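Numbering (our numbering), first residue to last: 86 to 411.
Glycine included, each C-beta is placed from N, C-alpha and C at the ideal position.
These figures come from a predicted structure and were not determined experimentally.
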Ligand SMILES: NC(=O)c1ccc[n+]([C@@H]2O[C@H](COP(=O)([O-])OP(=O)(O)OC[C@H]3O[C@@H](n4cnc5c(N)ncnc54)[C@H](OP(=O)(O)O)[C@@H]3O)[C@@H](O)[C@H]2O)c1
């Protein structure tokens, strides 16, 4: 067994690499010459690096030599232009699938990391389930769905599509903003009290490795999430309690969020640098909920994402402090 992992330099991919290395599985990383190796430095003596990009079919073809399993985690979660999402999340996935198909049956499985955003928003009383028709509301979500279709329509190897909701934990720079706000005594209070599914990053990594070999997973799509659902407010309260800081609520009505997102969109287009908030993000922020049901994964593979918010925040906080990110 020899696994090719894309996106190992990123937040999620680096934890998948931790899980693969903990099991002693032979792993090859597809990295760009520019990829930052800070999260994966400790594994570099034990893994093979192959230089390339999911945007470059020839480099993918060469990286596939001797590979029996592929984990495709590389993706664009932000982009300065809408086309940037599709180039990476659809075009890049198309190239990965073509490279797998080019191996004439030697690749036994492709695990593809998609997102709840591909399925679209859902409320706690009717959580997203795998059989429901997808209805993504952002270009990110639409591009992730387009990537899923590249896999399900064209992949000749057994594949598994995983749809995590928002991921949090050590090395995450997105929820770090919430930790920083709380540290500065600010408790953001969004106008829409969205209910969210979450997944702790190490649970997601274990789910990926489970799906790499589990016979029941072949050809399936799974939501990978903890059963517990939260609101941003509940998350901020938990962070404040663990950091032992007092906070002042900062109301963020939707009417205020829109101009903030618009300003970031304009800045992003002017500078060419992807921003966290933009008009795409606004669509996701104003959705009533992002809740999914992990029952199918649990029943068919026996794997459940067991980390609840409290220990998940404890682990993230410890890492942020250790790395002086907070
Ligand atoms: N974070 C979340 O909350 C979340 C939730 C649901 C789904 N996901 C999915 O999980 C995956 C990883 O997300 P993440 O949060 O870990 O993002 P991240 O930290 O930004 O990492 C993205 C990874 O993709 C690689 N990549 C991007 N474009 C590439 C290209 N053209 N060729 C090769 N590699 C490329 C990056 O490599 P470089 O280092 O070279 O840039 C990096 O390793 C994505 O598919 C995302 O859609 C994430």
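Beta-carbon proximity check, residue i vs residue j, cutoff 9 Å
i, j, result
"residue 405", "residue 292", "no"
"residue 368", "residue 201", "no"
"residue 411", "residue 305", "no"
"residue 171", "residue 223", "no"
"residue 135", "residue 115", "yes"
"residue 251", "residue 281", "yes"
"residue 180", "residue 161", "no"
"residue 196", "residue 244", "yes"
"residue 137", "residue 148", "yes"
"residue 183", "residue 92", "no"
"residue 203", "residue 169", "no"
Residue i in three-state terms, based on DSSP
i, result
"residue 404", "helix"
"residue 383", "helix"
"residue 308", "strand"
"residue 215", "coil"
"residue 34", "As shown, the chain starts at 86 and ends at 411. That puts residue 34 outside it, with no answer to give."
"residue 163", "coil"
"residue 296", "helix"
"residue 313", "coil"
"residue 285", "strand"
"residue 176", "helix"
"residue 409", "coil"
"residue 135", "strand"
CA-to-CA distance, residue j to residue i, given in whole angstroms
i, j, result
"residue 211", "residue 257", "28 Å"
"residue 346", "residue 151", "46 Å"
"residue 100", "residue 177", "21 Å"
"residue 379", "residue 300", "18 Å"
"residue 249", "residue 325", "26 Å"
"residue 338", "residue 362", "15 Å"
Residue from the options whose Cα sits closest to the Cα of residue i
i, options, result
"residue 97", "208, 259, 184, 153", "259"
"residue 156", "236, 314, 334", "236"
"residue 357", "167, 380, 225", "167"
"residue 274", "297, 341, 352", "341"
"residue 120", "140, 110, 95", "95"
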